[in-house]
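Report on one structure; see the data block that follows.
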Amino acid sequence: GAVVSQHPSRVICKSGTSVKIECRSLDFQATTMFWYRQFPKKSLMLMATSNEGSKATYEQGVEKDKFLINHASLTLSTLTVTSAHPEDSSFYICSVEGGANYGYTFGSGTRLTVV
Amino acid sequence: GQSLEQPSEVTAVEGAIVQINCTYQTSGFYGLSWYQQHDGGAPTFLSYNALDGLEETGRFSSFLSRSDSYGYLLLQELQMKDSASYFCAVVTGRRALTFGSGTRLQVQP
């Protein structure tokens, strides 16, 4: 299956600043990557589908101007949380469709805390 | 849209068998997946069912009934390390996963 690296694993930022999260597919060329958000003890909610070389597709209710997604190469997608607020504090996880039987591989996640 | 329902919590003892059910409502259904997630970690793929029936992978088995929009994950010979959250997820034509609310499994000695 695919190997996915996500960085940073943990970040604390001040309210109003921006944070960039990177998701790399190390051994697999991913034309599509997915970004999820997970609040404590909750499920993973799809935020957007990142498409290499084109605009991301955002889920309903996700602000595209706040959560900027760039997928400039087949191995890298970035999620930038702009003008972060405490309510943006969450666990952000990327995934790549890789492997047999629709086995999606997830990055290790980024714990964002906005203070 | 899609919705998946599963129990919020299950408790069992080491060595026991536990079944986690999942019912779903979705359009464009391709298959049902199961993921395990330990606290603070990323989800890891356990199984996928596209067709009706039982799929067995070691101590874990997964079942699907498309006509009933129902599936389950069966964990046998429970170990303490199996304590985690388990999510069912559907794969639709959009290719992204839609997750259920998750079942927190607590394995007791």
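Sequence lines, in order, name chains B and L. With positions in the first sequence counted from 1, the corresponding number in my numbering is that position plus 90. With positions in the second sequence counted from 1, the corresponding number in my numbering is that position plus 4. Don't be surprised by glycine CBs; every beta carbon is placed ideally from N, CA and C. It should be emphasised that the depicted structure is a prediction, and the values quoted were computed from it without experimental measurement.
Item to complete: Compute the beta-carbon to beta-carbon distance between B/Cys184 and B/Phe124, rounded to the nearest angstrom, for a pair I have assumed lies under 8 Å.
Response: Sure, about 7 Å apart at Cβ, within 8 Å.
Worksheet item: Comparing the C-beta of B/Gly143 with each C-beta of chain L, is any distance below 7 Å?
Response: For B/Gly143, no Cβ of chain L is located within less than 7 Å of the residue's own Cβ.
Worksheet item: Of all Cβ atoms in chain L, is any one closer than 7 Å to the Cβ of B/Leu136?
Response: It does; some Cβ of chain L falls within 7 Å.
Discussion item. From the DSSP secondary-structure annotation, give me the bridge partner or partners of B/Leu166.
Written reply: DSSP lists B/Arg114, B/Ser163 as partners of B/Leu166.
Discussion item. Between B/Cys103 and the ligand FAD, is there a pair consisting of the residue's CB and a ligand heavy atom that are separated by less than 6 Å?
Written reply: In the structure shown, the ligand FAD is absent, as is every other ligand, since no ligand is present at all.
Fill in: Test item: CB-CB of B/Leu116 and B/Val93 under 7 Å
Closer than 7 Å, so yes.
Item to complete: For the segment 79–101 of chain L, enumerate the residues whose C-beta is nearer than 8 Å to any C-beta of chain B, in chain order.
Response: Against chain B - using a Cβ distance shorter than 8 Å - the residues of the segment 79–101 of chain L are Phe91, Val95, Arg98, Arg99, Ala100, Leu101.
Discussion item. If contacts are defined as beta-carbon pairs under 8 Å, then L/Gly104 and L/Glu9 qualify, I think. What distance do you get, rounded to the angstrom?
Written reply: Contact annotation, L/Gly104 with L/Glu9: C-beta distance approximately 7 Å; criterion of less than 8 Å satisfied.
Practice prompt. Taking B/Gly197 as the query, report the chain L residues whose CB atoms sit under 8 Å from its CB, ordered along the chain.
Written response: At a beta-carbon threshold of 8 Å, the residues of chain L lying near B/Gly197 are Ala46, ordered along the chain.
Worksheet entry | Beta-bridge pairing of B/Ala138 - partner residues as DSSP gives them | Answer is B/Trp125, B/Tyr148.
Worksheet item: Terminal residues of the continuous beta strand (DSSP E) containing L/Arg108?
Response: Segment 107–112, the beta strand (DSSP E) holding L/Arg108.
Worksheet item: Given that L/Ser65 touches chain B, what residues does it touch there, using C-beta distances under 9 Å?
Response: For a Cβ distance threshold of 9 Å, nothing in chain B lies close to L/Ser65: the least Cβ distance comes to about 15 Å.
Fill in: Coarse secondary structure for B/Glu177, derived from DSSP in three states
Annotated three-state conformation of B/Glu177 is helix, per DSSP.
Worksheet item: Any C-beta of chain B sitting closer than 7 Å to the C-beta of L/Phe49?
Response: So, interface residue.
Worksheet entry | L/Leu58 - containing beta strand (DSSP E), residue span | Segment 57–61, the beta strand (DSSP E) holding L/Leu58.
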